[in-house]
Amino acid sequence: GVIGVPGFIDGGDYGAYKDKAFDFKFQFLKESTYLPALAVTVSDPHGTRVFASQAIVASKRIFPFDFSLGFGNSRLGKRQLPSQGEGFKIELFTNPRAWARDALPFGGIQYAATPWLSLLAEYSPIRYEHQTRDPAQEKYFPTAVRSPFNFGARVKPFRWLELGASWQRGEEIGVTASVDFEIGRPLVPIYDPPYRETPGASRNPLPDRIAFALADVGFSDIAVSNDGFTLRIDAQNDRYFFAPRAVEVLLATVAPFVPSNVEYIRVQLKENGIPVAEAAAPATALSGAGAGFTQTERIRNAVGFRSAYFDAPLRPTAYRRRIDYSLKPSFEAFLNDPSGFFKYRVGLAGALSTFPWRGGTALLGVEGYPVNNISTSNAPLSILIRSDVAEYKKESIALGRLLFDQVYATRRPVYFRAAAGMLETMFGGVDGEVAFPLRDGRILAGASGGVVRKRAPGEPFGFRDGGSYHTALLQGRLNVPEIDAAVDVKWGRFLAGDRGVRVAVSKFVRGVTLSAWYSATDTDIFTDRYNRGYHDKGISVEIPIRLFTGRDSRTAYRYSLSPWTRDVAQDIDRYLPLFDRIGRNAGILLDRDLGSTYKVPK
Numbered sequence: 300g301v302i303g304v305p306g307f308i309d310g311g312d313y314g315a316y317k318d319k320a321f322d323f324k325f326q327f328l329k330e331s332t333y334l335p336a337l338a339v340t341v342s343d344p345h346g347t348r349v350f351a352s353q354a355i356v357a358s359k360r361i362f363p364f365d366f367s368l369g370f371g372n373s374r375l376g377k378r379q380l381p382s383q384g385e386g387f388k389i390e391l392f393t394n395p396r397a398w399a400r401d402a403l404p405f406g407g408i409q410y411a412a413t414p415w416l417s418l419l420a421e422y423s424p425i426r427y428e429h430q431t432r433d434p435a436q437e438k439y440f441p442t443a444v445r446s447p448f449n450f451g452a453r454v455k456p457f458r459w460l461e462l463g464a465s466w467q468r469g470e471e472i473g474v475t476a477s478v479d480f481e482i483g484r485p486l487v488p489i490y491d492p493p494y495r496e497t498p499g500a501s502r503n504p505l506p507d508r509i510a511f512a513l514a515d516v517g518f519s520d521i522a523v524s525n526d527g528f529t530l531r532i533d534a535q536n537d538r539y540f541f542a543p544r545a546v547e548v549l550l551a552t553v554a555p556f557v558p559s560n561v562e563y564i565r566v567q568l569k570e571n572g573i574p575v576a577e578a579a580a581p582a583t584a585l586s587g588a589g590a591g592f593t594q595t596e597r598i599r600n601a602v603g604f605r606s607a608y609f610d611a612p613l614r615p616t617a618y619r620r621r622i623d624y625s626l627k628p629s630f631e632a633f634l635n636d637p638s639g640f641f642k643y644r645v646g647l648a649g650a651l652s653t654f655p656w657r658g659g660t661a662l663l664g665v666e667g668y669p670v671n672n673i674s675t676s677n678a679p680l681s682i683l684i685r686s687d688v689a690e691y692k693k694e695s696i697a698l699g700r701l702l703f704d705q706v707y708a709t710r711r712p713v714y715f716r717a718a719a720g721m722l723e724t725m726f727g728g729v730d731g732e733v734a735f736p737l738r739d740g741r742i743l744a745g746a747s748g749g750v751v752r753k754r755a756p757g758e759p760f761g762f763r764d765g766g767s768y769h770t771a772l773l774q775g776r777l778n779v780p781e782i783d784a785a786v787d788v789k790w791g792r793f794l795a796g797d798r799g800v801r802v803a804v805s806k807f808v809r810g811v812t813l814s815a816w817y818s819a820t821d822t823d824i825f826t827d828r829y830n831r832g833y834h835d836k837g838i839s840v841e842i843p844i845r846l847f848t849g850r851d852s853r854t855a856y857r858y859s860l861s862p863w864t865r866d867v868a869q870d871i872d873r874y875l876p877l878f879d880r881i882g883r884n885a886g887i888l889l890d891r892d893l894g895s896t897y898k899v900p901k
């Protein structure tokens with residue numbers, strides 16, 4: 300924000316001027332012995348572009364010095380770029396000659412005096428007095444700044460903490476603090492204690508011993524069979540984030556119980572009675588350490604996976620969970636409303652689930668937010684899908700979901716899902732999906748469709764007048780395990796009736812998923828200027844709780860951020876959609892996780 304410059308002419312509770320922007324950097328040449336690293340940086344390529352720039356930067360380390368030199372336009376150049384509205388524009392690529400004419404040089408030097416102290420100096424070409432589209436210019440920069448040079452120091456009192464102080468533009472003091480952590484690396488080392496069999500349990504039959512042991516270490520719905528050659532174990536993984544880790548724990552747990560005549564162990568992992576993955580290993584892999592390998596290393600090297608043509612699940616089972624519940628803290632923000640930039644609510648989100656039969660789930664979700672100041676002063680738009688979300692978020696207690704969900708899978712497998720009830724906070728009705736993996740899960744293909752009505756805020760079982768909405772979408776996902784990335788595509792009819800495509804790109808980093816999405820639909824059906832021509836877009840992050848607790852867990856928190864709440868390219872917020880149910884159990888990803896789960900970040 301720009302302190303002292305109001306965001307709106309009439310003032311109000313919004314506060315100072317604020318502008319949304321995003322930046323990215325791509326290094327296309329790594330540093331070598333004689334050559335510097337080269338990178339492209341792009342700032343604010345979309346929307347108002349008040350702080351836009353595009354630069355090419357060279358950097359080289361000659362210890363204890365780090366040198367950087369670059370050329371950039373707009374904010375860093377001779378003239379400020381115009382706004383772009385809904386599109387993206389990067390003059391460095393679309394008009395490189397104009398970029399070169401506008402670009403000015405900048406650079407800096409960093410001196411590592413000690414491992415915990417660095418000194419910095421930089422040259423900034425920013426002509427603040429010429430940045431007339433910057434709201435700060437008139438108030439703070441009517442004339443040129445005193446100096447184009449900035450100086451600073453950085454201190455690292457701890458490995459994860461960096462403090463900085465600087466003298467900027469010859470007239471201002473700046474202070475910074477940042478926390479450094481590696482994405483996906485647990486802040487507390489994960490340790491799950493192994494099972495220790497009691498003397499009393501050792502006298503039970505083999506299936507009972509195995510079932511009791513696996514229930515103790517995080518499995519349920521357990522069944523065991525033994526034909527004298529192959530020991531087969533079916534179980535549901537309730538604790539371990541990665542399926543290969545679950546199989547490793549399972550095999551290590553049953554290793555002391557395996558009869559001497561058994562040659563192979565087969566494991567089938569299930570989700571609510573439906574097989575999702577199978578693994579097999581020779582019994583010799585469970586025999587303990589040898590040839591410099593620990594038991595777990597022997598299991599990792601020997602186990603193999605498959606994700607199709609599953610055998611029928613064994614029956615009967617033990618320790619089946621008929622009822623489950625969850626309760627977790629919830630924080631939601633509602634940003635940039637004219638009534639106030641930062642609105643929020645803090646509370647708890649709870650869920651109670653029952654599983655009456657294979658693939659069936661009855662779910663009750665309740666949310667309570669004792670701390671809640673969300674409101675809006677925006678006028679309703681032409682077709683209300685998500686733009687009135689504040690009317691739902693301002694409720695302190697709400698029925699989030701009340702539904703029944705049924706999943707069925709063939710042996711191939713092809714997955715089918717149907718759900719009915721209050722499907723999400725804003726819509727209730729019926730919904731269905733079909734999905735099937737191709738090429739060992741590298742591609743997921745499917746379709747979805749639903750008929751829903753808008754729920755009435757403040758009425759748990761009420762609906763608004765205005766008829767129904769329906770969706771009809773083809774869906775696809777391309778898994779690229781070589782770079783731990785995925786591309787999701789939805790094409791067809793969205794809730795408001797607009798037709799088009801929504802593309803999402805995600806990056807998986809040791810359990811953390813970073814995503815960004817963008818849509819292009821026919822918005823002519825809208826009569827308001829906010830939805831017409833708009834492209835829904837945003838970013839999200841999904842963080843597993845295992846990074847903070849010191850124990851493995853399948854629970855993850857998802858947080859999304861979109862620049863505007865609009866009605867374009869909106870779909871039903873489904874409870875566990877099929878692509879997410881398949882998730883990392885796709886065959887090609889099981890193989891990837893088998894190799895990456897056990898890597899220790901440096």
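Numbering (this note's numbering), first residue to last: 300 to 901. Yeah, the Cβ is synthetic: ideal placement off N, Cα and C, and Gly gets one too.
### Query
Who are the near neighbours of Phe350 in its chain, counting only those whose CB is closer than 8 Å to its CB and skipping five residues on each side?
Asp318, Ala320, Ser342, Asp343, Arg374, Asp433
### Task
Would you kindly work out how many angstroms separate the C-alpha atoms of Asn536 and Thr675, rounded to a whole number?
43 Å
### Query
Which residues in the same chain have their Cβ closer than 6 Å to the Cβ of Gly701, if we skip the five residues on either side of it in sequence?
First, the amino acid is wrong: residue 701 is Leu here, not Gly. Once the five neighbours on either side are set aside, the close Cβ partners of Leu701 are Leu663, Gly720, Met721.
### Message
Please identify the residue among Leu888, Asp872, Ile887, Val811 whose C-alpha is closest to the C-alpha of Ile482.
### Response
Val811
### Task
Following the continuous beta strand (DSSP E) through Val301, name the residue where it begins and the one where it ends.
301–305
### Task
Have a look at the DSSP bridge pairing and note the partners of Lys980.
No answer is possible for residue 980: the residues shown for the chain start at 300 and end at 901.
### Query
What's the C-alpha gap between Pro679 and Asp870?
19 Å
### Query
alpha helix (DSSP H) containing Asn553: first to last residue?
Position check: residue 553 holds Val in this sequence, whereas Asn was assumed. Counting along the chain, the alpha helix (DSSP H) containing Val553 begins and ends at 542–553.
### Message
Which same chain residues end up closer than 6 Å to Gly886 when comparing Cβ atoms and leaving out the 5 residues on each side of it in sequence?
### Response
Ser606, Asp739, Gly740
### Neighbourhood of Glu631 by C-beta, 6 Å cutoff - its chain only, sequence neighbours within 5 removed
Arg644
### Query
Between Gly649 and Pro441, what straight-line distance do the alpha-carbon atoms span, to the nearest angstrom?
54 Å
### Task
Please report the Cβ distance between Ile521 and Leu530, rounded to the nearest whole angstrom; I am assuming they are in contact, meaning their Cβ atoms lie under 8 Å.
Actually they do not touch by this definition, with Cβ atoms about 13 Å apart.
### Residue ranges of each beta strand (DSSP E) within the region 307–376, 3 or longer
322–328, 336–342, 352–361, 364–371
### Query
Is Asn672 near Pro637, with beta carbons less than 8 Å apart?
no
### Query
Alpha carbon to alpha carbon, how far is Ser861 from Leu419?
35 Å
### Task
Inspect the CB distances between the region 578–585 and the region 469–485 and report whether three or more fall short of 8 Å.
no
### Query
Sorted by chain position, which residues of the same chain lie with C-beta nearer than 6 Å to Ala534's C-beta, five sequence neighbours on each side aside?
Leu513, Phe518, Ile521
#### Entry: Segment contact, 8 Å Cβ cut-off, at least three pairs: the region 848–865 with the region 559–578
no
### Message
Which residue wins for smallest C-alpha separation from Gly639, given the options Ser382, Lys569, Gly799, Ala315?
### Response
Ala315
### Message
Val750 and Trp735 - do their beta-carbons sit closer together than 8 Å?
### Response
Trp is not the amino acid found at residue 735; the sequence shown has Phe there. Not closer than 8 Å, so no.
### Message
Quick check on DSSP: helix, strand or coil for Asn884?
### Response
helix
#### Entry: Extent of the continuous alpha helix (DSSP H) run through Thr413
Taken as a continuous stretch (DSSP letters only), Thr413 belongs to no alpha helix (DSSP H), being part of the beta strand (DSSP E) at 403–413.
### For Arg891, three-class secondary structure by DSSP
helix
### Nearest neighbour of Leu813, chosen from Ala795, Leu794, Gly837 [CA to CA]
Gly837
### Query
How many Å lie between Ala399 and Arg378 at the Cα?
12 Å
### Query
If Thr595 and Glu547 are in contact, beta carbons under 8 Å, what's the gap, nearest whole angstrom?
6 Å
### Burial state of Gln353, where buried means 16 or more other Cβ atoms lie within 10 Å
buried
### Task
Grab me the residues of Ala336's own chain with a C-beta within less than 8 Å of its C-beta, minus the 5 sequence neighbours each way, in chain order.
Gln326, Leu328, Lys329, Glu330, Ala357, Ser358, Lys359
#### Entry: C-alpha distance - Val804 paired with Glu694, whole-angstrom precision
33 Å
### Between the CA atoms of Gly791 and Ala718 - distance to the nearest angstrom
20 Å
### Query
Are Lys909 and Thr340 closer than 8 Å when you measure CB to CB?
Nothing can be reported for residue 909, as the shown portion of the chain is limited to 300 through 901.
### Query
Using 8 Å as the Cβ pair cut-off and three pairs as the minimum, do the region 362–372 and the region 386–402 touch?
yes
### Task
Check Gln567 in the structure and name its three-state DSSP category.
strand
#### Entry: For Ala551 and Ala510, the rounded distance between their alpha carbons
14 Å
### Task
Going by CA-CA distance only, name the one from Asp783, Leu416, Thr431, Asp479 that's closest to Ala258.
Since the first residue of the chain shown is 300 and the last is 901, residue 258 is not available in this structure.
### Task
Within its chain, find whatever has a CB closer than 8 Å to the CB of Phe364; leave out the 5 residues flanking it on each side and keep chain order.
Ile408, Gln409, Tyr410, Ala411
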